[in-house]
Amino acid sequence: MKDIDWARLTDDLLASLVLTQNDLASRCKVTQQSISNWKNGLRSPGMFAREKLMELLDELKIEREKYRVEGLDSMRKKPLKEKTQFPDDVATFAARLSTLPKRKRREVIAMAEFFLSRN
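In short: position in the sequence shown from 1, add 5, done, that's my numbering.
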């Protein structure tokens, strides 16, 4: 369901069911801010909320296909970006950093920032 235009779907459900964002949030067991984020294309719903939204579409007898978006990032309505390739040393450093405990990670980052600030 990644190819769904959640912003448009959320707008349509709010209008069709004559619901406030709080009402829809209550039905989907999320916060009003989550509904606002979906509506503005900032985030997409989690699995439970997606199921609830699809149930509401089915109740209204609205075709799911209406909200399918092919080849687009449905969150921002832009073509999908190519992945950025990092130099091997940066990728290796990031991989090693991710294995450290949180406290050690912060120490390493602080040390790196210190050395960078000296240049």
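Just so you know, even glycine gets a beta-carbon here, dropped at the ideal spot from N, CA and C.
Nearest-angstrom Cα separation, counted from residue j out to residue i
i, j, result
"Phe119", "Glu112", "10 Å"
"Leu18", "Leu61", "8 Å"
"Arg108", "Asp93", "25 Å"
"Ser31", "Glu75", "30 Å"
"Arg73", "Gly46", "15 Å"
"Ala115", "Ile67", "53 Å"
"Ser55", "Thr25", "Note that residue 55 corresponds to Arg in the displayed sequence, not to Ser. If you take the alpha carbons of Arg55 and Thr25, they lie about 18 Å apart."
"Lys44", "Arg123", "45 Å"
8 Å contact criterion, which residue i and residue j should meet: CB distance rounded
i, j, result
"Leu65", "Ser21", "6 Å"
"Gln37", "Asn27", "5 Å"
Simplified DSSP state of residue i, which is helix, strand or coil
i, result
"Arg13", "helix"
"Arg48", "coil"
"Ser79", "Bear in mind that the predicted position of Ser79 carries a pLDDT of just 44, short of 50, making it too unreliable to give a figure here."
Range covered by the alpha helix (DSSP H) that runs through residue i
i, result
"Leu121", "Lys107 to Arg123"
"Thr104", "Asp93 to Thr104"
"Leu29", "Gln26 to Cys33"
Distance cut-off 8 Å: residue i Cβ against heavy atoms of the ligand MN
i, result
"Asp16", "As presented, the structure is devoid of all ligands, the ligand MN included, so that no description of it is given."
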